[in-house]
Every structure is written in C-alpha cells, then in structure tokens.
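Using UniProt numbering, you'd call the opening residue of the sequence shown number 1 and step up by one each time. Ideal Cβ positions, reconstructed from N, Cα and C, are used throughout, including at glycine. Take a look at the structure below.
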Amino acid sequence: MNQQRLHFTLGPVQDFVAQSRRTRDLLASSFLLSYLSGHAMAKVRETGGTILFPVVDEDPLIQAIRGEDGEKPWVGTLPNRFQAILPSGVSPKTYVDDVKNAVEDAWQRIADQVWKCVVEKVAPKGKGTKKIWDRQVKYFWEITWVVGEQDDLLDRRKNWRSQIRPKEPGEKCTLIGNLQELSGYFRHEEQLEFWEALRKNLWDSQHKGFFQQIRENERLSAIGIIKRFFPLLSQEAIGWPLPEKAKGFPSTSYLAALPWVLRAVEEQPELAQAFLTEATSCDIPPTENGTHFSSVQRLIQEHPDLAGITYLNGPSFFESNLTSANYWKSIHSKVNPPVNEKKKEKLQQAHRNLTKSIGSPSSYYALLLMDGDQLGQLLQSKKGTENRGEQVSRSLAQFTTGLSELVAAHDGVTVYAGGDDVLAMLPFHQALSVSVKLRRKYRESFVKEPKATISGALVYAHRTAPLTGLLRYAHHLLDDVAKEACGRDSLAVSVWKTGGPVLTWSAKWETVIGEGRSGEDGSTVLGQWIGPHSEKDPTLFSSGFLFKLREQFAKMADFPVDDQEKEEILKTFLRAEYQRNLEQKKKVSMDELKLRVDPLIDFCMKSRNGNGDANSAEAAIFLRFLRQLEGRQP
C-alpha cells in the first residue's frame, strides 16, 4: 500500500502574534503556537506516524512535551505546520481527529488554568462571562489538513474555508479586536465595574505580579487573558515554569534605552548610582530582567552595586515619562502610595545630570523578521529523492541551533525561531550586523543547496509604536518589498516614527554586505558610515547635502537615459555639490571627491525604495537617521 502523506497546519498565525500590546504578549503568542503544534507532532509520533518535516528528534520543545529530561524551553522552536507519513492502514480522518484532540486537550488545560486563577472568582459579576469564555476558547484555533503527495496541497486547501466561527457580539477586546470582551455588558459603567472587580481580585491574589498585568483601560477577551497570564501560570498549565527572564521579557523602552544604561554604568557610575537611589526611593518597579543580555551580565559582574539599575522599569529611563502624571499613575495605581513631588524632582534631577554627561537615551529599537525564500519550491525540487523533506528540515534545524545565543550575544532577544522563520528585537546599533550574521548562518546551513536563500525585514521603531501595527507592517515589508519587489535574497529596512513609517529602502544582501564579502563578522557597506569607527564626514552627511542627493535622484527617475548615464550625471552633479559645500581651505581634488562621494551614490543606485523602484536615495536618508541616533551626545 502506498504511504499516506499528511500536511497539517494550525492557525491563525500572523494575526494572533501581531495582536499584542506588550513584548511578552508577542513571546506568549509565538510560544503557544509552537507548543500546540508540538502536541500535534508528538501525537503523530506516539501513534506510529513519522514526522518528515520538520526534523524534531532533538527539538527541546518536543522533548519537553514528551516529558524527557533536559532544560525546558521558553521560546517557540517549532513551526505551525508539518508533514508526516501516516501509519499503514489507518483512516486519515479518524487519525487526524485524534491529532486534533491532542491539540485541543493541551489548549483546554491552559485555558482552564487561566480561568481558575484569573476569571472564575469574578465571573458572576459579568453577563454571560463563562459562556463567552467557552465559546472563544472552543472556536479560536483553525486546524487545516490534507493527505497527498504535492507539497502545495495545504496552501490550496486553506483557500477552501470550512470552519465558520460563531458571531462575536457586544463590545470588543482591546487586544484582539474581533472578539468580545469578557464582561458581556454593553454599558460602559457596567464594564468598568467588572474589570475593576477583576483587577481587585488580582491585587488580592496570592500570585505575585498578577495585578500589573491588566491596565485600567484594558478590557480583554478569553484569548487576550490567556495570552497575558499564561507565562505566569505555565507550571500549572503546561508542566514546567517559564523562567524569570521570560516573565520579565524586556519592554520596547528597555531595548531602546539599553545602550544608554550600559554607558551610564560604565562611564558615570556615580551618577548612575544617584539615579538608581532616587528611582528606588520613588518605588520605580523592577519589571525588567537585564540578564537577557550579555553586556548586562558582564556589567553586573563588574559593578554588582549597580545591578539594580538593569531591572528598573524601561520607561523610567526617559525624561518624558518621569515628568508625566500618567506614567506615575500607571506604575503606582493601588500598588504603592503616590510618590511625593520632592522625590520625583530629585529623580528627575538625577536623570538630567546623567543626560548632561552622556546624552539622552535613544527612543528607537529594531525589530527583525526573517523568512526563507520559496521553501515549498525547494521541497518540490527534491521530489523523487528519498526523504526530500528531511534534507531541508535538517538544514533548518542547523540554522535554528544556536540562533537565540547569536542574537543574545548582540544584546537582542529572540521571540521565535522555528523552521525558516525568525522574529527578534535588538538595540538599534546591533540590528544590521545581526541580520547579516543570520543570513550567513542560513546559507551555511544550506551549503548543499545553493538556491536556498532568506530575506529579512528590519524596522527601526519608536519605543511607543503599537506592536500590532508594527508586526503587520514588518510582514508587509518582508513579503511585498524584500521578497516581491526586490526579488528575494534581500533585506528591506524601514524607520517607524511616532506617526508611522517615514522611509523605506531595500537591497540584495550582496549590496548590503558588499560584493565578495562573506558577512561573517556582520560588517556591511553601510558600516563605513555608521558606528564608533566610521568615517566622520560632516559635509557628506549634512542635511543639506543628503536632501539634495535625494532630490536629484527623484529628478533623474524619469530622465530618458539608461542607468549608467544616470549614474554619471548624478556623480558629476553631486561631486560638485559636495565641493561647493566645503570651506574654501578644505577643497579637495577630483580623485578625493570620487573617494568621498561615489561609494554612497553607488550604494543608492543598487537600492530600491518602498515601492520597489530602483535607484533610490532613501538609504542615504536612513544613514542620516542612524547617525543622528548614534550622535545623541551631550
């Protein structure tokens, strides 16, 4: 009898992960998807099936689900889809029903534990709260499967929608906007009463840190509550506790401020101590966990007396928060008595003393999203060879092995690393280097597959940018710009300020890294202009010159000449513009002009803008943005 090949997927994926307000929501979403998918894979293996793709023999999450010894994971490492060979003679539907039941049972155990500890006691104060909870828990996940040989069957099957969710009436969840919030009331006053009662119950709870998980303006659905509280209840829900570093997953403000915190301790330890002392006096909560980062671990060893500063609430490093009544209300509501104004003033002064000495912290961090290119086609190209999925899967396993450690070595955190997908967050100055190193790691993992490539999206985001919009935009950047417009094997980069994205550029990895370079050390062509050892050319990176450069590139876009002529015209004009901006005594020769100006123009000529148009100067404006971030000196 011919073998039956099962294709299985669990969703929703992008929306579930993107519907997050906190970084820990992102982590919990990704882990839950991976964990539930792992239960499906484990059930297949337990009942005589064989997982073809991905290879899961040594995956730590599968091992933990199966109860094997070893360190328990807290980052998702399994993709939401897999392929398997079914045991001989089984009915596919009956077999898959058992696999689905394994997923649903694991999900129900998590939901029941969160209900018991968070909602059950106050549910009678709502209007049909238990009914809302049960409905949302039961119908949230979409499981799609098909049996057949073609690798694109699952994608085709997903176009045929067979599961219709019940309608969600009433007011909606502030986290997952298509689901009803749990109070069940329509009147605002009654909603407030319910959520105030729930928060009071959390304050009285024996579970440490529960009260701070729901803000006063949040009204959540069952799925939102599970996402928010699951990391705190993992011992009861899945059988092992998530570590403190998962519960204290760094906020976007902390990621943005991290370089400043490190610099404060290393360069001005006395001023840093004064800031820590005043922050402690003001009861700034220790909500972060700096041990995620290698630099912080080293810092704590060298300055143990200043370890406390690495645990402070991320927003407290920014003056705009320290002078905001809303900030003080958010961290002290019902937890501690209000801080008197004199203490606040002392903390604000200690912060000003630091910024006067070392500059202000950056308000930007970087979100990195990476995904293998045309993996389905790679699998199809292996058709006819034995275990075609296993070859690709082992390469992917090699790629993800040590990936989180690589990110952590650059003071970043990995949100998800499974299959060919990566989601990570980093301080702004490390992001380009890490993206290049991960691309190299992918290529090395597929050394026998020269057609295997990976694309990336890198968003330099303001710390207050909404995560939901940011994640969705990053996926657009990856799919529509890096892959579609730039032709894959590419990196797309964008800057998202408080009002949204303001500039975007993309280029092939070869352009980003430099022709003939390996990317092993993470260096890039852009590195000659950014970073502590970069060329400091005030004329080349003056606002006047860079905006003139962008203006001339825009004018040349529709000029009726080929790219080579455009390049010569641009170089001639911009060399002259550069020379004109120099002081008379600093004028340079033509050879020197070419050395200074031409590399930047060459890079722009090989770059694209957010619409995919070639010959874009947006990369030059991006360089100006990065140099401004790095130049936040007193």
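N-terminal and C-terminal residue of the beta strand (DSSP E) that residue i is part of
i             : result
alanine 554   : Per DSSP, alanine 554 belongs to no beta strand (DSSP E); it is in the alpha helix (DSSP H), 543-556.
histidine 7   : 5-11
leucine 458   : 454-462
valine 147    : 142-147
isoleucine 51 : 50-53
Distance cut-off 7 Å: residue i Cβ against heavy atoms of the ligand ADP
i           : result
leucine 262 : You won't find the ligand ADP in this model; it holds no ligand whatsoever.
Of the listed residues the options, nearest to residue i (C-alpha basis)
i                 : options                        : result
leucine 423       : Ser455, Glu520, Asp112, Val495 : Ser455
threonine 504     : Glu390, Val459, Pro169         : Val459
glutamine 348     : Phe559, Glu278, Ala237         : Glu278
alanine 256       : Arg187, Lys138, Lys116, Gly412 : Gly412
serine 330        : Ser295, Leu299, Asp283, Thr355 : Asp283
isoleucine 164    : Lys138, Glu171, Phe186, Ser183 : Lys138
alanine 84        : Gly290, Lys72, Gln4, Val434    : Gln4
aspartate 204     : Val118, Asn2, Ala64            : Val118
asparagine 615    : Gln180, Phe603, Val502, Gln579 : Phe603
valine 525        : Asp598, Gly170, Leu27          : Asp598
alanine 111       : Asn80, Lys566, Ala237          : Ala237
phenylalanine 541 : Asp558, Ile569, Leu574         : Leu574
Distance between beta carbons of residue j and residue i, contact taken as under 8 Å
i             : j                 : result
leucine 629   : phenylalanine 428 : 6 Å
leucine 10    : alanine 40        : 7 Å
alanine 417   : valine 75         : 7 Å
glutamine 19  : isoleucine 176    : 5 Å
arginine 45   : threonine 252     : At roughly 38 Å, the Cβ-Cβ gap does not stay under 8 Å, so arginine 45 and threonine 252 are not in contact.
aspartate 371 : aspartate 421     : 5 Å
histidine 292 : valine 265        : Not really, about 16 Å apart at Cβ, beyond 8 Å.
serine 395    : serine 445        : 5 Å
valine 122    : alanine 197       : 5 Å
Collapsed DSSP secondary structure at residue i in the structure displayed
i              : result
valine 335     : Low local confidence applies: a pLDDT of 48 at valine 335 is under 50, so the model's placement there is unreliable, and no value is given.
glycine 610    : coil
glutamine 83   : strand
tyrosine 416   : strand
lysine 167     : coil
tyrosine 364   : strand
glutamine 113  : helix
aspartate 98   : helix
lysine 343     : helix
glutamine 180  : strand
aspartate 305  : helix
glycine 290    : helix
glycine 224    : helix
glutamine 633  : Low per-residue confidence applies at glutamine 633: pLDDT is 44, beneath 50, and the placement is therefore not dependable enough to give any value.
lysine 247     : helix
lysine 172     : strand
aspartate 411  : coil
leucine 623    : helix
aspartate 15   : helix
glycine 76     : strand
leucine 540    : coil
glycine 376    : helix
leucine 276    : helix
aspartate 371  : strand
leucine 312    : coil
threonine 400  : helix
glutamine 628  : helix
asparagine 615 : coil
tyrosine 185   : coil
Host alpha helix (DSSP H) of residue i (start-end)
i                 : result
leucine 27        : 23-46
phenylalanine 194 : 188-204
glutamine 150     : Glutamine 150 -> no alpha helix (DSSP H), and no H or E assigned at all.
leucine 299       : 294-302
isoleucine 238    : 234-238
arginine 580      : 563-581
leucine 526       : Looking at the DSSP string, leucine 526 is not in any alpha helix (DSSP H), and its letter there is neither H nor E.
lysine 130        : 129-139
glutamate 520     : Run containing glutamate 520: none; DSSP gives neither H nor E here.
proline 231       : That residue, proline 231, is in no alpha helix (DSSP H); it is neither H nor E in DSSP.
asparagine 321    : 319-322
valine 265        : 252-267
alanine 64        : 60-65
isoleucine 601    : 590-605
Unbroken stretches of the alpha helix (DSSP H), 4 residues or longer, contained in the region 475-516:
The qualifying runs are 509-513.
With a floor of 3 residues, list each beta strand (DSSP E) that falls wholly inside the region 420-450, ordered by position along the chain.
Within the region 420-450, the complete beta strand (DSSP E) runs of at least 3 residues fall at 421-427.
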